[in-house]
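As structure tokens, the structure follows; a few thoughts come after it.
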Amino acid sequence: MNSRHLNLALVDDDKLVVELLKNFFTKNTPIKVNLIAHDGETFIQKLQNSVDHPDIVLLDLRMENMNGIDTMAVLKQDFPELKIIVLSSHYKRSFIGFILKSGANAFIPKDTGLDELQDIIEEVHQKGHYFLPEQIDAIREQILTNAPKPVLDKRKLLSEREIEILKLICLQLTAKEIGEKLFITQRTVEGHKNRILLKTGVKNTAGLVIYSVQHKLIDPEECFLG
150 MNSRHLNLAL
160 VDDDKLVVEL
170 LKNFFTKNTP
180 IKVNLIAHDG
190 ETFIQKLQNS
200 VDHPDIVLLD
210 LRMENMNGID
220 TMAVLKQDFP
230 ELKIIVLSSH
240 YKRSFIGFIL
250 KSGANAFIPK
260 DTGLDELQDI
270 IEEVHQKGHY
280 FLPEQIDAIR
290 EQILTNAPKP
300 VLDKRKLLSE
310 REIEILKLIC
320 LQLTAKEIGE
330 KLFITQRTVE
340 GHKNRILLKT
350 GVKNTAGLVI
360 YSVQHKLIDP
370 EECFLG
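Following my numbering, the numbering of the sequence shown begins with 150 at its first residue and continues without gaps.
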């Protein structure tokens, strides 16, 4: 993890889990836990009243007063820059496609080790998504095989430059790395990425990866394992 700390929110109705995570990140990492809530409704309220927004939220699924799914819907509309890692004891293979299409940048089980969780948070912060190796087949089954036929031809929808940048995003290059590779500024890359998000109608980088595989812009093995 780089030396610059990132701000992390913990949203979980299990107070013991929240306390354990907070203590781990405070004592062992540059990660700063700057917002805690025990349900989605309280979290949204705290975000609306905060000037120091988190970069990433670890979000539980099953909570009172607004569950994780409903919370994600509000976050993607009102706080689209916030990256979401769904961390749940209700992790199921059958949920993977739905959770990712709902706007999560990663979906992981709650029994994930703390050191691994730290690595996942860093990867989501840098690259915008994280997939567990065993999720690849599930994504293919749940998203690819049932994907509706696109209305517009992919090469009419996106420019050649946007397709080029989209492929590099799927290969897990950061905006800075893409800029260096294409001899353009990081800001230009981010501008292209925002236009790609608007044109494709997806919600985040994980959605772009899924879109690219659906439309055969990149090989799935390159996307998920590159």
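Here a beta-carbon is modelled for each residue, glycine too, at the ideal position from N, C-alpha and C. Treat the numbers as computed from the prediction; the structure is a model and nothing was measured.
Asked	Found
If L170 sits next to L159, beta carbons under 8 Å apart, how far is it from one beta carbon to the other, in whole angstroms?	6 Å
Return the chain-ordered list of same chain residues with a C-beta closer than 7 Å to the C-beta of L281, the five sequence neighbours on each side being excluded.	I257
What distance in whole Å lies between the Cβ atoms of M221 and D188, which are believed to be in contact at a cut-off of 8 Å?	About 14 Å separates the two Cβ atoms, so there is no contact after all.
Provide the residue span of the beta strand (DSSP E) that contains L249, from first to last.	Not the beta strand (DSSP E): L249 falls in the alpha helix (DSSP H), residues 245-250.
Helix, strand or coil: which one does DSSP assign to L346?	helix
Could you compute how far the alpha carbon of L357 sits from the alpha carbon of E168?	34 Å
In chain order, what residues of the same chain lie with their CB nearer than 8 Å to the CB of I314, ignoring the 5 residues before and after it?	I327, L331, V338, H341, K342, I345
Give the range of the beta strand (DSSP E) segment to which N183 is assigned.	181-186
Report the three-state DSSP secondary structure of L366 (helix, strand or coil).	coil
Mind checking D209: buried by the 16 CB within 10 Å criterion, or exposed?	buried
For F173, which residues of its own chain have a beta-carbon under 7 Å away from its beta-carbon, when the five flanking residues on both sides are left out?	L263
Considering just the uninterrupted stretch of the alpha helix (DSSP H) at K325, what are its terminal residues?	324-331
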